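K.L.:
Going by our numbering, the first residue of the sequence shown is number 285, and it counts up by one from there. In this text, a Cβ means the ideal position worked out from N, Cα and C, and glycines have one as well. Small disclaimer: the values here were computed from a predicted structure and weren't measured.
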Amino acid sequence: MSTSLTRRTALTAGLALGASLAVANSTAAQAATRHTADATDSAGVTRLQWTGLGVTSEQYTVMKEFTEKALDLTLITSADEFAVFRTPNSSLFELYGPKAPHYGPWHTSAMAMAIGFDAPSLEAAESALERVGAPTASDILVFPGAGGGGTDYRARFFLAPDNRFYGVAQSNIPNDPVPESATGAAGINRLQWGAVAVTAHQHAKMRTFAQQGLGLDIVDETPQFSAFGAQNGSMFELYGPEAPQYPWRTRSTSIAMGFNTIDLHKSMAHLEQNGAKWVSPVHVIPGAGGDGTDYRFRFFRAPDNRVYSIAQSNITG
């Protein structure tokens, strides 16, 4: 297989950073410059910030243990089948069982899942998203003192053109590189990837939502497939009916997410020891990681029967 075809295949698998090394190796400083400019007429999203998962009571118990032991994320709070975990860069991974509080309209069943983004200004994000057909779908949630520098952490949900609810937060937390010493046994340092299946009609509108609304950069496109990159190297991707089929995409409403690690081999060993089941080989994109390193990733199935990804991008932020 040629190098270009290998990259195209891996990109459409859901985690590559660009169709060429020039795109894939864009520095965080260059991305920050672009997003600063984009913020004037878009949300200026800087990263993936949040994932919420609906689970059954049985799944809640095993997924809470899996997140603590296999993913080795920090538990912030847990009560009444609700648990909030934090990655080293302060992005959030949350579990919602049947008894959990309903923070937003996305949590409609044990199969529900949603992703969210971080933006410099919640008010600017609201204006930008409404302009591209994504109205507000909740009141503003305020968590006093939970943001960067002791500021309030504020978030709101929006209804996008794919009829899903997405969260946007103003965390006021900087995109600083995470030192290796701050990562746990799994080596995970942040949320890295979110992907959604869409119809052909929804794809065009969601492309506008991601590019003009969220302010993300397009890094790769094929028919009915679009990949977008955020300032810190995290990814958001759209899969229409003609896009390639991969393990997470089992129906037209599928949604998936993944993590970034400092050491993929270390993570794979730790995840496997703690119950992860691999559903793909390791994908390698030569030279597409930070500083010209290889970008590597793999898909696994967790105890909630969802498919997740683990990637080593070598991109700091």
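(1) Would you mind reading off the limits of the alpha helix (DSSP H) that contains Thr351?
(2) If you scan the stretch 385-471 from start to end, which runs of the beta strand (DSSP E) of 3 or more residues do you find wholly inside it?
(3) Rounded to whole angstroms, how far is the Cβ of Val503 from the Cβ of Phe512, which I believe are closer than 8 angstroms?
(4) Report the start-end ranges of each alpha helix (DSSP H) in the stretch 530-585 that is 4 residues or longer and not cut off at the edges.
(5) So, using beta-carbon positions, are Ser362 and Lys348 closer together than 8 angstroms?
(6) What whole-angstrom Cβ distance do Leu332 and Ser518 have, given they're in contact under 8 angstroms?
(7) With H, G and I counted as helix, E and B as strand and the rest as coil, what does DSSP make of Gln496?
(8) Using CA coordinates, which residue listed in Val462, Phe520, Asn473 and Pro461 is at the minimum distance from His487?
(9) Note down, in chain order, each residue of its chain lying with its Cβ closer than 7 angstroms to the Cβ of Phe350, except the 5 sequence neighbours on either side.
(10) Going by the DSSP bridge assignment, what does Ala481 pair with across the sheet?
(11) CB-CB under 6 angstroms to Gln581, same chain, minus the five flanking residues each way: which ones, in chain order?
(12) Please determine if the stretch 370-383 and the stretch 411-420 are in contact, where contact requires at least 3 C-beta pairs separated by less than 8 angstroms.
(13) Alpha carbon to alpha carbon, how far is Leu499 from Gln454?
(14) Asp322 by DSSP, collapsed to three states: which one?
(15) Out of Ala430, Leu359, Ser393 and Val346, which has the shortest C-alpha to C-alpha gap to Glu378?
(16) When you compare only the Cα positions, how much space is there between Phe584 and Trp562?
(17) Please go through the same chain and pick out, in chain order, the residues whose beta-carbon is closer than 8 angstroms to the beta-carbon of Asp547, but skip the five residues on each side of it.
(18) If we ignore side chains and look at the alpha-carbon of each, how far apart do Ala444 and Pro461 end up?
(19) If I'm right that Ala398 touches Phe449 with Cβ under 8 angstroms, what's the distance once you round it to whole angstroms?
(20) Check Ala595 in the structure and name its three-state DSSP category.
(21) Val368 bridges to which residues according to DSSP?
(22) Where does Gln314 fall in DSSP's three states?
(23) For Gln476, which three-state DSSP category applies?
(24) For Ala235 versus Leu425, is the C-beta distance shorter than 8 angstroms?
(25) Once the 5 residues before and after Gly381 are set aside, which same chain residues still bring their CB inside 6 angstroms of it?
(26) Alpha carbon to alpha carbon, what distance is there between Phe441 and Ser422?
(27) If you follow the beta strand (DSSP E) that Ser518 is part of, which residue opens it and which one closes it?
(28) I'd like to check one pair, Gly497 with Asn326: are the Cβ atoms closer than 8 angstroms?
(29) Could you tell me how far apart the beta carbons of His229 and Gly336 are, in whole angstroms, since I believe they sit closer than 8 angstroms?
(30) Is the beta carbon of Thr420 closer than 8 angstroms to that of Ala481?
(31) Could you give the first and the last residue of the continuous beta strand (DSSP E) run that contains Arg590?
P.N.:
This is what the structure holds:
(1) The count along the sequence shown starts at 1 and reaches residue 351 at position 67. Segment Ser341 to Lys353, the alpha helix (DSSP H) holding Thr351.
(2) 397-402, 425-427, 437-443 and 449-454
(3) The residue given as residue 503 occupies position 219 in the sequence shown. The residue given as residue 512 occupies position 228 in the sequence shown. Indeed, because the Cβ distance is near 7 angstroms, the residues count as touching under 8 angstroms.
(4) Under the rule that a run must span 4 or more residues, the alpha helix (DSSP H) segments found entirely inside the stretch 530-585 read 548-557.
(5) Locating residue 362 in the sequence shown gives position 78, counting from the first residue. Locating residue 348 in the sequence shown gives position 64, counting from the first residue. Yes, the Cβ-Cβ distance between Ser362 and Lys348 is below 8 angstroms.
(6) Counted from its first residue, the sequence shown places residue 332 at position 48. Counted from its first residue, the sequence shown places residue 518 at position 234. Confirmed, about 4 angstroms.
(7) On the sequence shown, residue 496 is found 212 positions in, with the first residue counted as 1. Helix.
(8) What you label residue 487 is simply residue 203 of the sequence shown in a count that begins at 1. Selected option, being the one with the closest Cα: Phe520.
(9) Against the sequence shown, residue 350 aligns to sequence position 66. If we look at Phe350 and ignore the five residues flanking it on each side, its Cβ neighbours are Asn558, Gly559, Ala586 and Pro587.
(10) Within the sequence shown, residue 481 is the residue found at index 197, counting from 1. Tyr523.
(11) As a first step, residue 581 must be located in the sequence shown, where it is residue number 297. According to the sequence provided, residue 581 is Phe. The question's Gln does not apply to it. So the qualifying residues of the chain are Leu299, His567, Ser593 and Ala595.
(12) Between the stretch 370-383 and the stretch 411-420, the count of Cβ pairs shorter than 8 angstroms is below three; the stretches do not touch.
(13) Indexing the sequence shown from 1 puts residue 499 at position 215. Indexing the sequence shown from 1 puts residue 454 at position 170. Strictly speaking, residue 499 in this sequence is Gly, with Leu absent from that position. Distance between the alpha carbons of Gly499 and Gln454: 15 angstroms.
(14) To locate residue 322, count along the sequence shown from 1; it is residue 38. Because the pLDDT at Asp322 is just 44, under 50, the model does not fix this residue reliably, and the point stays unresolved.
(15) Within the sequence shown, numbered from 1, the residue matching residue 378 stands at position 94. Comparing Cα positions, the closest option is Leu359.
(16) As a first step, residue 584 is located in the sequence shown; it is residue number 300 there, counting from the start. As a first step, residue 562 is located in the sequence shown; it is residue number 278 there, counting from the start. The straight-line gap from Cα to Cα measures roughly 4 angstroms.
(17) Here residue 547 refers to the residue found at position 263 of the sequence shown. Around Asp547: Gly471 and Gln596.
(18) As a first step, residue 444 is located in the sequence shown; it is residue number 160 there, counting from the start. As a first step, residue 461 is located in the sequence shown; it is residue number 177 there, counting from the start. Computed Cα separation, rounded: 30 angstroms.
(19) Translated into positions along the sequence shown, residue 398 becomes position 114. Translated into positions along the sequence shown, residue 449 becomes position 165. Rounded, the Cβ-Cβ distance is 6 angstroms, consistent with contact.
(20) Position 311 of the sequence shown holds residue 595. Strand.
(21) The sequence position of residue 368 within the sequence shown is 84, counting from 1. The partner list for Val368 (beta bridge, DSSP) reads Thr361 and Glu378.
(22) Along the sequence shown, read from residue 1 onward, the residue named residue 314 stands at position 30. At Gln314 the pLDDT is 41, less than 50, meaning the model places this residue with poor confidence and gives no usable figure here.
(23) Reading the sequence shown from its first residue, position 192 is the one you call residue 476. Note: Gln476 maps to strand in three-state DSSP.
(24) This structure does not reach residue 235, given that the chain is present from 285 up to 601, and the question cannot be answered.
(25) Looking up residue 381 in the sequence shown gives position 97. For Gly381, where only same-chain residues beyond five positions count, the Cβ hits under 6 angstroms are Val339, Ser341, Tyr344 and Glu365.
(26) Translated into positions along the sequence shown, residue 422 becomes position 138. Translated into positions along the sequence shown, residue 441 becomes position 157. If I take the Cα positions, the gap works out to 5 angstroms.
(27) The sequence position of residue 518 within the sequence shown is 234, counting from 1. That residue, Ser518, is in no beta strand (DSSP E); it is neither H nor E in DSSP.
(28) As a position in the sequence shown, residue 326 is number 42, starting the count at 1. As a position in the sequence shown, residue 497 is number 213, starting the count at 1. The sequence shown places Ser at residue 326, rather than the Asn named in the question. Yes, they are a contact pair.
(29) There is no way to answer for residue 229, as the model of the chain reaches only from 285 to 601.
(30) As a working note, residue 481 is residue 197 in the sequence shown. As a working note, residue 420 is residue 136 in the sequence shown. The criterion of a C-beta distance shorter than 8 angstroms is not satisfied by Ala481 and Thr420.
(31) Mapped onto the sequence shown, residue 590 falls at position 306. Segment: none, Arg590 is in no beta strand (DSSP E) and carries neither H nor E.
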